[in-house]
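Residue numbers (this note's numbering): 516 to 917.
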């Protein structure tokens, strides 16, 4: 019997390790999606910079999260012998890899908002600080029960703040951090003239669409593999993600009047929103959640650019910040059994947890980017911005005419 139990344990641990490793690789691939979404949206003179930022940010994020961030979130350190780290087929290491890809999504999100006028090295410094301290602080509260916040919400309102795959922990955090950076940077030169918005056309719709599709496919690893074990995997998460993606696509297509930029961001808005409650909602609730998110993105992106003059290049605050907030609230609504959900969620807890996430992100964003702006500066010079970040910072353009 001991031999049989040992064999079963080995099979369970190895299966879980493979399961979460596949998820980690799928979310890692999403960073290519972030890169190409930005490459296609920015002007051609900033394409190299977009690609360079995403890869560099990922590397810096890995170092920050490995040595500091993961310890703050989960109390786990990797300064142990390899024999200890490789226990249970190295599952703890692969879990770190999986959660790292979530943490590294924060600077990838921010990158799209500050595109075309942000300096390179100061952004890497901001990435290190955010992934080492700000993101892990809130991640630990929600996903590890740090500081007793979740326990207090459970006692007071009957349920903890529920965010299965990171509508707030990842996306809203990234979006609201980006808002702080965008406001401190200011709009791109020439974006507003005589009080009116000047259109800066995307450089490549095919690249933009490629980035969107890569993100869509990888998102099923993002959501489904958030179960973190093979025993916890649920087809409900997969279908809810699908329905929210479709709802966001259709809504953005209609409200955005066939605009390809809105169309290819619509499914991403739906997927951002469904992260929180994908394990609880009925598929019809997921469809409604995604559709509202798709429309919300179009309306708020337009208002931010035209009315509020917030030059958020990729619209990461509406897409991740606002749709992430909506997703957590939708989880508290459509997760209820009365609306076909599985229950076990409190709308008040969702509101309070979301508000805490937004507050941490905004405060952290203004502190980090404010200090860096005061000490080193955040923005390219007017001449560098005119010639583009590619030639100014990387000394090479995206394409050669030779």
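The C-beta atom is built at its ideal place from N, Cα and C for all residues, glycine as well.
In whole angstroms, what separates the C-alpha of residue 677 from that of residue 690?
In the chain shown, residue 677 corresponds to position 162, counting from 1. In the chain shown, residue 690 corresponds to position 175, counting from 1. Going from the Cα of residue 677 to the Cα of residue 690 covers about 19 Å.
What are the start and end residues of the alpha helix (DSSP H) that includes residue 603?
The sequence position of residue 603 within the chain shown is 88, counting from 1. Segment 602-618, the alpha helix (DSSP H) holding residue 603.
Checking 8 Å against the spacing of the C-beta atoms, do residue 480 and residue 541 come in under that value?
Because the chain is modelled from 516 through 917, residue 480 falls outside the range shown and cannot be assessed.
Given a cut-off of 8 Å on the beta-carbon distance, is the pair residue 684 and residue 658 in contact?
As a working note, residue 684 is residue 169 in the chain shown. As a working note, residue 658 is residue 143 in the chain shown. Yes, they are a contact pair.
Where does residue 633 sit, in a helix, a strand or coil, going by DSSP?
Working through the chain shown from its first residue, we reach residue 633 at position 118. Here residue 633 sits in strand by DSSP.
On the DSSP letters alone, give me the boundaries of the alpha helix (DSSP H) that residue 524 sits inside.
As a working mapping, residue 524 is identified with position 9 in the chain shown. For residue 524, the enclosing alpha helix (DSSP H) starts and ends at 517-556.
Are any of the Cβ atoms in chain C nearer than 8 Å to that of residue 659?
This model lacks chain C altogether; it includes just one protein chain.
To the nearest angstrom, how far is the alpha carbon of residue 879 from that of residue 651?
Your numbering for residue 879 matches position 364 in the chain shown. Your numbering for residue 651 matches position 136 in the chain shown. Their backbone Cα atoms lie some 12 Å apart in a straight line.
Assuming contact is defined by CB atoms lying nearer than 8 Å, are residue 810 and residue 770 in contact in what I supplied?
Residue numbering aside, residue 810 sits at position 295 when the chain shown is read from its first letter. Residue numbering aside, residue 770 sits at position 255 when the chain shown is read from its first letter. Yes, the Cβ-Cβ distance between residue 810 and residue 770 is below 8 Å.
Do residue 666 and residue 839 have their CB atoms nearer than 8 Å?
The residue given as residue 666 occupies position 151 in the chain shown. The residue given as residue 839 occupies position 324 in the chain shown. The Cβ atoms of residue 666 and residue 839 lie no closer than 8 Å to each other.
Simplified DSSP assignment, three categories, for residue 893:
Working through the chain shown from its first residue, we reach residue 893 at position 378. Coil at residue 893, not helix or strand.
Roughly how many angstroms lie between the CA atoms of residue 725 and residue 706, to the nearest whole one?
Within the chain shown, the letter at position 210 stands for residue 725. Within the chain shown, the letter at position 191 stands for residue 706. Residue 725 and residue 706: Cα-Cα distance of roughly 26 Å.
Take the Cβ of residue 622 as the centre, count every other Cβ of all protein chains shown within 10 Å, and call the residue buried at 16 or more, exposed below.
Walking along the chain shown from the start, residue 622 turns up at place 107. Per the 10 Å Cβ criterion, buried.
Can you round the beta-carbon distance between residue 881 and residue 695 to whole angstroms, since I take them to be within the 8 Å contact cut?
Mapped onto the chain shown, residue 881 falls at position 366. Mapped onto the chain shown, residue 695 falls at position 180. About 5 Å separates the beta carbon of residue 881 from that of residue 695, a gap short enough to meet the 8 Å contact definition.
Would you say the beta carbon of residue 541 comes nearer than 7 Å to a heavy atom of the ligand FAD?
Although the ligand FAD was asked about, the structure shown includes no ligands whatsoever.
Whole angstroms is fine: what's the gap from residue 711's alpha carbon to residue 821's?
Residue 711 sits at position 196 when you count from the first residue of the chain shown. Residue 821 sits at position 306 when you count from the first residue of the chain shown. Approximately 8 Å between the Cα atoms of the pair.
Minimum C-alpha distance to residue 704 - residue among 915, 781 and 633
Taking the chain shown and counting its residues from 1, one reaches residue 704 at position 189. Answer by Cα proximity: 633.
Let me check understanding here. Comparing Cα to Cα, which of 529, 586 and 641 lies closest to residue 604?
Position 89 of the chain shown, counted from the first residue, corresponds to residue 604. Of 529, 586 and 641, the smallest CA-CA separation from residue 604 is found for 529.
Would you grab the beta carbon distance between residue 793 and residue 620 for me? Rounded to a whole angstrom, and I think it's under 8 Å.
On the chain shown, residue 793 is found 278 positions in, with the first residue counted as 1. On the chain shown, residue 620 is found 105 positions in, with the first residue counted as 1. About 16 Å; that fails the 8 Å criterion.
Going by other Cβ atoms of all chains shown within 10 Å of its Cβ, with 16 needed for buried, is residue 891 buried or exposed?
Position 376 of the chain shown, counted from the first residue, corresponds to residue 891. Exposed, since its Cβ has fewer than 16 Cβ neighbours within 10 Å.
Tell me which residues share the same chain as residue 875 and place their Cβ nearer than 8 Å to its Cβ, disregarding the 5 neighbours each side in the sequence.
Mapped onto the chain shown, residue 875 falls at position 360. 649, 652, 653 and 688.
At which residues does the alpha helix (DSSP H) containing residue 670 begin and terminate?
Working through the chain shown from its first residue, we reach residue 670 at position 155. It spans 664-672 - the alpha helix (DSSP H) in which residue 670 sits, taken as one unbroken run.
From 752, 553 and 789, pick the residue whose C-alpha is nearest to that of residue 762; which is it?
Residue numbering aside, residue 762 sits at position 247 when the chain shown is read from its first letter. Minimum Cα distance to residue 762 is reached at 789.
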